[in-house]
Amino acid sequence: MKNLDHLEAWLVTGSQDLYGSEALKKVQIHADAIARELGLSTEIPVRIVAKPVMTNSEAIHRLCLDANSSADCVALIVWMHTFSPARMWIRGLQSLEKPLLHFHTQFNRDLPWSTIDMDFMNLNQSAHGDREFGFIGAFMHRRHKIVVGFWQDPAVHAEIAAWLRAACAWHDAQHLKVARFGDNMRNVAVTEGNKVAAEVKLRYAVNGYGVGDLVRQVHQVTDGEVDALVREYDETYDVVDELRQGGDRRESLRDAARIELGLRQFLEAIGSKAFTDTFEDLHGLPQLPGIAVQRLMADGYGFGAEGDWKTAALVRAAKVMGLGLCGGVSFMEDYTYHLGNSGEVLGAHMLEVCPSITEEKPRAEIHPLAIGGRADPVRLVFTAAAGKGVNASIVDIGNRFRLVVNRINLIQPEHPLPKLPVARALWRPEPNLRTAATAWLSAGGAHHTALSRALTSEHLRDFAEIAGIEFLLIDAKTDLDAFTNELRWNEMYYCLHNEN
Ligand code: MN
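If you read the sequence shown in this note's numbering, its first letter stands for residue 18, the second for the next number, and so on.
And the structure:
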């Protein structure tokens, strides 16, 4: 999957029969123009399909059922150009399973001051037609996105585009299978969670596989396939001499390539686009997969280390949301701090950081793994590029899933890190380390995250809203007293609204 333009959103315009066929023809022409404009926007990642203007309950119900069963439709965008009595939307909205965006716009940007008459008023009345739709949404407690603004405004396109990216990730989650090789790391709490609740609430399935089955696949990889892949490594990365052709550790690079090929073939065979492994269960694998995981992530796979299937699915969702955007997405771990400069986080992992977050040419290196007791694994080493980003963690808090997001500023280290043998990212969390870490800890945010320079907190908020899970943002506006209250109030809210 290189981009999202094989997917589509339907633009649905509401009206009623009272206006007569001439007015409804105009409504349709305007709806087609808006769909075309949105479809041509470079921001909008999917095709926008204009549907016939809706004037009665039966047609709306049928359209919603069609949307549910469409393999390509990720969302409905609705707007009421004219007045559309909202009781005719009830059956449709009760049936609709796809995400819904209420686009509160008007075809005419400006009032035609000198010529405005009642015909104009009757045609351009989303100001009150959309209020009728807003009411039924509120009455039915429907969770949907509302975007307000002129349909040619680039800022409006950007807002719709961010939400559509979240809808695409939700669409992907409906069929996502997370493959687990081995269980969660022994005794770790935060990587645990209810897999049944995840399938009900977040839609993806989490399935375990014996590492022995993966090993068998790795053994079936041919020498010719390995030859071709190590050639690709040689050409793509700065490969250290000992791993080069003729180097005394070339065999380790070949082992790493064999693991990548076997892992990739295994995941393709079972149709999984996200996976976990654990250094505690590598029986028969010569190395902990390093470069293999890094390259699979770069190709769009979700990954979570130490059996962390929630983070694997989150990384996959972030990969889908970020398709075609610059900046990348990676599995990450808050590893160690620089408490000078008002506080910075050095993020890394044992091996598994995705090269999509760097602008450097990665170095392929081999070093011992401090824990795990296997052969030295090959890994790509680099530093993440500077810029704004987000760091996101999903946890199972017992009666619900919670997505915690921190806006961050990635920076370049002031000093080289000559002895650090893993890929890394350095960032300053917003608003500062003290507030961000206090909020993160009080929310139970994990050490494993999905880090992205491509996404903003809006993508992740939209995704959480579509999924109906709790969303907590830590950013420049975060105030610890208010954040503590938000946690308490959310606790009450989710006691009252257990939506599984
Ligand atoms: Mn870890």
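Here a beta-carbon is modelled for each residue, glycine too, at the ideal position from N, C-alpha and C.
Practice problem: Report yes if the C-beta of His465 is less than 7 Å from at least one heavy atom of ligand 1; otherwise report no. | Solution: yes
Self-check item: Cβ neighbours of Thr501 in the same chain (closer than 8 Å, five flanking residues each side left out)
Solution: Ser459
Quiz item: Just the Cα atoms here: how many angstroms apart are Leu80 and His23?
Solution: 20 Å
Quiz item: With contact counted as at least three CB pairs below 8 Å, one residue from each stretch, are the stretch 257-275 and the stretch 383-390 in contact?
Solution: yes
Practice problem: Kindly examine ligand 1 and report whether one of its heavy atoms sits closer than 7 Å to the Cβ of His366. | Solution: yes
Quiz item: Is Met157 near Leu110, with beta carbons less than 8 Å apart?
Solution: yes
Quiz item: What three-state label does DSSP hand Ser58 in the structure shown?
Solution: coil
Self-check item: First through last residue of the beta strand (DSSP E) which encompasses Glu5
Solution: The requested residue 5 does not occur in the structure, where the chain is confined to residues 18 to 517.
Self-check item: Which of helix, strand or coil DSSP assigns to Met105
Solution: helix
Quiz item: How should Phe292 be labelled, buried or exposed, when 16 other C-beta atoms within 10 angstroms of its C-beta is the threshold for buried?
Solution: buried
Practice problem: Identify which residue in Ser131, Phe100, Ala48 has its Cα closest to the Cα of Leu35. | Solution: Phe100
Practice problem: Find the nearest neighbour of Gly485 within the set Ile107, Val217, Asp496, Arg53, judged by alpha-carbon distance. | Solution: Val217
Self-check item: Collapsed DSSP secondary structure at His192 in the structure displayed
Solution: coil
Practice problem: Flag this pair as yes or no: are the beta carbons of Val205 and Ala329 separated by less than 8 Å? | Solution: no
Self-check item: Start-to-end residues for the beta strand (DSSP E) that takes in Ser410
Solution: 404-413
Practice problem: Would you check if there are 3 or more beta carbon pairs closer than 8 Å linking the stretch 246-264 to the stretch 223-233? | Solution: no
Quiz item: Do the CB positions of Asp49 and Ala67 come within less than 8 Å of each other?
Solution: yes
Self-check item: Backbone CA spacing between Pro116 and Phe296 [nearest angstrom]
Solution: 38 Å
Quiz item: How many whole angstroms separate the CB atoms of Val63 and Leu219, which I take to be in contact at a CB cut-off of 8 Å?
Solution: Wrong, their Cβ atoms sit about 21 Å apart, outside the cutoff.
Exercise. Give a yes or no on contact between the stretch 360-367 and the stretch 438-452, applying the rule of three or more CB pairs nearer than 8 Å.
Key: yes
Quiz item: Under 8 Å, do Asp298 and His464 count as touching if we go by C-beta distance?
Solution: no
Quiz prompt | Cβ pair count under 8 Å reaching 3, the stretch 394-402 against the stretch 413-422 | solution = no
Quiz item: Does Val370 come within less than 8 Å of chain C when only Cβ atoms are used?
Solution: In summary, chain C is missing from the structure at hand, where a single protein chain is found.
Quiz item: Should the stretch 308-326 be called in touch with the stretch 366-375, which here means at least 3 C-beta pairs below 8 Å?
Solution: yes
Quiz item: Is any heavy atom in ligand 1 found nearer than 7 Å to the beta carbon of Ala206?
Solution: no
Practice problem: Determine contact between the stretch 167-178 and the stretch 140-158, defined as no fewer than three beta-carbon pairs at a distance below 8 Å. | Solution: no
Self-check item: Simplified DSSP state of Pro303, which is helix, strand or coil
Solution: coil
Self-check item: Beta-bridge partners of Asp265, as assigned by DSSP
Solution: Paired residues: none, contrary to the question.
Quiz item: Between Lys290 and the rest of its own chain, which residues show a CB-CB distance below 8 Å, the 5 nearest in sequence each way excluded?
Solution: Asp189, Leu193, Lys194, Leu284, Gly317, Tyr318, Gly319, Arg333
Self-check item: Limits of the unbroken alpha helix (DSSP H) element including Trp326
Solution: 326-338
Quiz item: Quick one, are the C-beta atoms of Ala493 and Pro448 less than 8 Å apart?
Solution: yes
Exercise. For Val63, name the three-state secondary structure that DSSP assigns.
Key: coil
Practice problem: Verify the contact flag: Glu350, CB atom, against every heavy atom of ligand 1, threshold strictly below 7 Å. | Solution: yes
Quiz item: Alpha carbon to alpha carbon, how far is Gln33 from Met349?
Solution: 52 Å
Quiz item: Does the Cβ of Glu323 lie closer than 7 Å to at least one heavy atom of ligand 1?
Solution: yes
Quiz item: In chain order, what residues of the same chain lie with their CB nearer than 8 Å to the CB of Ala103, ignoring the 5 residues before and after it?
Solution: Glu149, Phe150, Phe152, Ile153
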